[in-house]
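This note's numbering applies: residue 2 is where the sequence shown begins, and numbers increase by one.
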Amino acid sequence: MIPEKISTRFRIGIIGPGSICVTYGKALKASDTVSLACICGRDTEKGRKTAERFQVPYYTDQEQMYRNEALDGVLICTPTYTHEEMVRRALARRVPVMCEKPLALDAETARRLVAEAADADVPFMVMQVVRFWPEYRALARLIRSGQLGRIKNVYMSRLSSHPDWTVWHQDPEKSGGGLYDLHIHELDFLYSVFGPAETVYAIGDREENGCFNNVSTCLRFSSGVPAVAEGFMDMIGNFPFSASFRVNGERASVVYESRDGAMTLYKADKPGEELEIPRYDPYREETEYFVDCVRSKKETALIPGTDVISVLELLDAVKESLVSGKAVRLSRDSGR
2 MIPEKISTRF RIGIIGPGSI CVTYGKALKA SDTVSLACIC GRDTEKGRKT
52 AERFQVPYYT DQEQMYRNEA LDGVLICTPT YTHEEMVRRA LARRVPVMCE
102 KPLALDAETA RRLVAEAADA DVPFMVMQVV RFWPEYRALA RLIRSGQLGR
152 IKNVYMSRLS SHPDWTVWHQ DPEKSGGGLY DLHIHELDFL YSVFGPAETV
202 YAIGDREENG CFNNVSTCLR FSSGVPAVAE GFMDMIGNFP FSASFRVNGE
252 RASVVYESRD GAMTLYKADK PGEELEIPRY DPYREETEYF VDCVRSKKET
302 ALIPGTDVIS VLELLDAVKE SLVSGKAVRL SRDSGR
């Protein structure tokens, strides 16, 4: 009798014990193919508490973690300004690595890291999770299928109160402010669907600490599609997180608001149709996708490194427009 094949779970360590670590920890604990092997971080109080919650070992030293644990991959969930160092440590150990967005606070640093991962032949992906979000995936399918017809205009918004669990978010040299930490989601999704932008014009309020936390960006893509994206990261009081979009095409319009969860499609001479959206954990979906790419030795085509670089080039252009007060024209390739 031939013994049944035993499937081995992909062992992932999470570096950085903060709130996003908990989000991914829950996703890994629910996975059938991936397991949370350990947690590593410098904040011992938070790290021990999080490791205890998930019943995994906790390390304060990455080198000790790499020596002690047979890891198949790592998730980097540390503050943005540490990403470059953390990615390079993983690459030096030849450990497949997923890194939280933004990979860096400028396109040039991202270009170097993507090239280093390619040269080392180590699987590498940035966690630009909105590309895996159910409603945004559904929107991308509607646009690409042609059901909406020629796209006449797009509006996207993401609003939240300011993070109160860190201080590094308040330093633009460490976080990039709301521009790089929040607004990136809308710009990344728009790039993933419409490709390179041709021109951007952005307005926003610059805080005393130098952060742009309230940004409105007008874009025209090389495909001709116009769009407006807004990202506000310091809504007052206990304002609930909100994400929304509306897309107007020649054949149909679609709107979505996260607070009521409804995504509605409107066609001529028909009542609005509330779309049924699959329910799943996008963080689990994203991680399992990466693991599948590693195991089958496939490119991470849903979030290629070239896209990561191009979106940061787009953010660099938005920042230039915010500072100069002028529209910025980008090259048709994707970069500056």
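Glycine is no exception: its CB is placed at the ideal position from the N, C-alpha and C atoms.
Helix, strand or coil at residue i according to DSSP, with G and I counted as helix
i: G147; result: coil
i: N69; result: helix
i: D317; result: helix
i: I7; result: The predicted position of I7 is uncertain, since its pLDDT is 40 and thus under 50; a value taken from the coordinates is nonetheless stated next. It is coil, neither helix nor strand.
i: D308; result: helix
i: L323; result: helix
i: D267; result: Going by the sequence as given, residue 267 is Tyr instead of Asp. Of the three classes helix, strand and coil, the one that applies to Y267 here is strand, per DSSP.
i: T301; result: coil
i: T288; result: helix
i: S335; result: Residue placement at S335 cannot be trusted, given a pLDDT of 48 that sits under 50; what the coordinates show is reported in the next sentence. In the structure shown, S335 sits in coil (DSSP, three-state: anything other than H, G, I, E or B).
i: A203; result: strand
i: R330; result: strand
i: S257; result: Sequence inspection shows Tyr at residue 257; the Ser mentioned does not correspond to that position. Strand.
i: E274; result: strand
i: F190; result: helix
i: M2; result: With a pLDDT of only 36 at M2, under the threshold of 50, the placement of this residue in the model should not be trusted; the figure read from the coordinates follows. If DSSP states are grouped into helix, strand and coil, M2 belongs with coil.
Cβ-Cβ distance between residue i and residue j below 8 Å
i: A203; j: V216; result: yes
i: V201; j: L315; result: yes
i: L104; j: T288; result: no
i: T301; j: M126; result: yes
i: I310; j: Q129; result: no
i: M157; j: E136; result: no
i: L323; j: F213; result: yes
i: T24; j: Y284; result: yes
i: T111; j: L313; result: Checking the displayed sequence, the identity of residue 111 turns out to be Ala instead of Thr. Closer than 8 Å, so yes.
i: A139; j: I278; result: yes
i: V57; j: G74; result: no
i: V248; j: V155; result: yes
i: S223; j: E199; result: yes
i: Y59; j: R49; result: yes
i: D317; j: A116; result: no
i: V131; j: F190; result: yes
i: T34; j: V292; result: yes
Residue from the options whose Cα sits closest to the Cα of residue i
i: L72; options: K50, L37 and M126; result: L37
i: K102; options: A253, K268, R54 and L180; result: L180
i: R43; options: G26, M87, E70 and F11; result: M87
i: D225; options: F233, F240 and Y192; result: Sequence inspection shows Gly at residue 225; the Asp mentioned does not correspond to that position. Among F233, F240 and Y192, the Cα nearest to that of G225 belongs to Y192.
i: A263; options: T79, A253 and E274; result: E274
i: C41; options: G14, F55 and E53; result: G14
i: R260; options: S223, S161 and R49; result: S161
i: Q171; options: C78, V312, R330 and Y82; result: Y82
i: E286; options: T9, G17, I16 and K27; result: K27
i: G344; options: R138, E251 and V292; result: What is shown of the chain runs 2 to 337, which leaves residue 344 out entirely.
i: V295; options: D62, A93, T61 and M99; result: M99
i: T51; options: D62, T34, V75 and I16; result: I16
i: A118; options: G326, E85, T61 and W134; result: E85
i: I185; options: T218, V256 and G147; result: T218
i: I237; options: E53, H163, E258 and R113; result: H163
i: P124; options: F133, L183 and L76; result: L76
i: E1; options: I21, D62 and C39; result: Only positions 2 to 337 of the chain appear in this structure, which leaves residue 1 out of reach.
i: S146; options: G178, A230 and V194; result: V194
Exposure label - residue i; buried when at least 16 CB within 10 Å
i: A91; result: buried
i: D206; result: exposed
i: K320; result: buried
i: R159; result: buried
i: D122; result: exposed
i: E70; result: buried
i: E46; result: exposed
i: Q338; result: Because the chain spans 2 through 337 in this model, residue 338 falls outside it and cannot be assessed.
i: S32; result: buried
i: G19; result: buried
i: V168; result: exposed
i: G211; result: exposed
i: A93; result: exposed
i: F242; result: exposed
i: T307; result: exposed
i: A269; result: exposed
i: P173; result: buried
i: D182; result: buried
i: S297; result: exposed
i: S325; result: exposed
i: S254; result: buried
i: Y257; result: buried
Proximity test, Cβ basis, 8 Å: residue i and chain C
i: L313; result: Structure shown: chain C not included; a single protein chain is present.
Report the start-end ranges of each alpha helix (DSSP H) in the region 108-160 that is 4 residues or longer and not cut off at the edges.
Every unbroken stretch of the alpha helix (DSSP H) spanning 4 or more residues and falling wholly within the region 108-160 is given here in chain order: 108-121 and 135-146.
Within the region 9-97, note down every full alpha helix (DSSP H) run reaching 4 residues or more, in order along the chain.
Here the runs fully enclosed are 20-30, 45-55, 63-69 and 84-93.
Runs of 3 residues minimum, wholly inside the region 205-253: which ones carry the beta strand (DSSP E) assignment?
Complete beta strand (DSSP E) runs here, min 3: 213-222, 227-236 and 243-250.
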